[in-house]
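*Asks:* Residue numbers for the sequence shown, in my numbering: 29 to 269. Every residue gets a Cβ at the ideal spot worked out from N, C-alpha and C, and that includes glycine. All values derive from a computational prediction rather than experimental measurement.
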Amino acid sequence: MIQTKQLFGLPFVDATPSQWYTHIKTILHDRGKAFLVTANPELVLRALREPSYEAILRQATFITPDGIGVTAASKRMGAPLTATLPGIETARELLRTADALKKRVFLLGGRPEVMKSLIHQLSIRFPNIRFVGTFHGFGKTEEATQAIAEAQADLILVALGAPKQEEWIASVYDQVDHGIFIGVGGAFDVWSGHSKRAPKLFRRLKLEWLYRISTHPRGFEKLKDLLLFLTLVLRKKSTLS
Ligand code: UDP
29 MIQTKQLFGL PFVDATPSQW YTHIKTILHD RGKAFLVTAN PELVLRALRE
79 PSYEAILRQA TFITPDGIGV TAASKRMGAP LTATLPGIET ARELLRTADA
129 LKKRVFLLGG RPEVMKSLIH QLSIRFPNIR FVGTFHGFGK TEEATQAIAE
179 AQADLILVAL GAPKQEEWIA SVYDQVDHGI FIGVGGAFDV WSGHSKRAPK
229 LFRRLKLEWL YRISTHPRGF EKLKDLLLFL TLVLRKKSTL S
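(1) Closest to R124 by C-alpha separation, out of N156, R104 and G106, would be which residue?
(2) So, under 8 angstroms CB-CB, G161 and F134 are touching, yes? Tell me the CB distance rounded to an integer number of Å.
(3) Could you please give the first and the last residue of the uninterrupted beta strand (DSSP E) stretch that includes L35?
(4) Closer than 7 angstroms by C-beta to L73: which residues in its own chain qualify, once you throw out the five before and the five after it? Chain order, please.
(5) Looking at K53: is its Cβ nearer than 8 angstroms to the Cβ of E141?
(6) Within a Cβ cutoff of 6 angstroms, which residues of the same chain sit near T66, ignoring the five residues on either side of it in sequence?
(7) Threshold first: 4 residues or longer. Then list the alpha helix (DSSP H) segments lying entirely within the region 87 to 168, N to C.
(8) Should M143 go down as buried or exposed, given a rule of 16 or more other Cβ atoms within 10 Å for buried?
(9) Would you give the residue range spanned by the beta strand (DSSP E) that A75 belongs to?
(10) Bridge partners of A187, per DSSP?
(11) Using beta carbons (cut-off 8 angstroms, strictly below), is P79 in contact with chain D?
(12) Compare the Cα-Cα distances from T89 to each of R132, L64 and V200 and report the closest residue.
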């Protein structure tokens with residue numbers, strides 16, 4: 029069993045990376061069903077601001093701490109989480125397992141050119157995966173919604189950014205009998221080579237978030253949110269009110 033700890037009113041996975049990867053890979057192996065949310069401070073704030081988004085997060089099977097911001101906050105708030113479990117790493121582990129087990133993978137999100145090179149890159153890296161649906165994220169999501177019902181996908185990666193990716197997953201989740209759904213934010217941009225992960229130095233200093241904010245088009249908004257999150261954490265407050 030995977031343990032959780034309550035933080036900002038949400039149940040966060042409290043596990044070592046190895047416990048977590050083993051657990052989630054077993055679900056994939058067993059043709060199970062799960063809705064994974066990987067939560068960073070921005071997503072936590074959105075849940076605190078928008079009850080409808082919080083309600084969607086409550087439907088998730090697991091919420092993992094995506095970045096150092098959430099794990100650092102957990103210590104200050106008196107509910108220390110064992111490890112940061114970045115969504116991009118979880119998704120990569122799942123792709124590796126999907127390849128080893130010749131599973132069916134569905135991809136939704138990213139710009140059209142990103143999706144094109146992503147399929148190319150992933151097909152080389154994971155030759156045994158069967159891609160049973162590939163939709164970029166700027167068309168009508170109805171097409172992807174129709175396709176997912178038929179696809180019998182084992183792993184569904186959704187890169188529409190928050191809140192769209194979680195909203196889409198929640199809207200189709202009941203239509204399928206199995207499959208691991210995970211919102212992966214900007215991962216397709218990284219894997220397709222269209223945007224780089226932070227340089228090693230940033231990663232080593234656990235400053236990947238700083239690199240992302242400084243290179244993101246909505247970086248200023250993200251920075252403001254991060255400061256608000258920091259204020260909440262310093263005051264040990266779990267709500268905005
Ligand atoms: N995206 C998409 N459709 C949309 C909006 C965004 O496919 O309508 C993709 C975008 O191309 C990127 C990913 O979602 O690959 C994450 O987007 P963004 O950077 O805006 O989200 P954030 O990093 O803030 O979660």
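*Replies:* Reading from the atomic positions:
(1) The count along the sequence shown starts at 1 and reaches residue 124 at position 96. Considering only alpha carbons, the answer is N156.
(2) Taking the sequence shown and counting its residues from 1, the one referred to as residue 161 is at position 133. Taking the sequence shown and counting its residues from 1, the one referred to as residue 134 is at position 106. Between F134 and G161 the Cβ distance is about 4 angstroms, and since that is below 8 angstroms, they are a contact.
(3) Counting from one through the sequence shown, the residue named residue 35 turns up at place 7. Counting along the chain, the beta strand (DSSP E) containing L35 begins and ends at T32 to L35.
(4) The count along the sequence shown starts at 1 and reaches residue 73 at position 45. For L73, where only same-chain residues beyond five positions count, the Cβ hits under 7 angstroms are D253, L256 and F257.
(5) Position 25 of the sequence shown, counted from the start, is the residue given in the question as residue 53. Position 113 of the sequence shown, counted from the start, is the residue given in the question as residue 141. Against a cut-off of 8 angstroms, the Cβ pair of E141 and K53 comes out as no contact.
(6) Residue numbering aside, residue 66 sits at position 38 when the sequence shown is read from its first letter. If we look at T66 and ignore the five residues flanking it on each side, its Cβ neighbours are T92, D94 and G115.
(7) 96 to 104, 115 to 128 and 140 to 153
(8) Counting from 1 along the sequence shown, the entry for residue 143 is found at position 115. M143 should be labelled buried.
(9) One-based indexing of the sequence shown puts residue 75 at position 47. That residue, A75, is in no beta strand (DSSP E); its alpha helix (DSSP H) goes P69 to R77.
(10) Stepping through the sequence shown from its first residue, residue 187 is reached at position 159. Answer by DSSP bridge pairing, in chain order: G137.
(11) Absent from the structure is chain D; it holds one protein chain and no more.
(12) Taking the first residue of the sequence shown as position 1, residue 89 is located at position 61. When only C-alpha atoms are compared, the closest one is L64.
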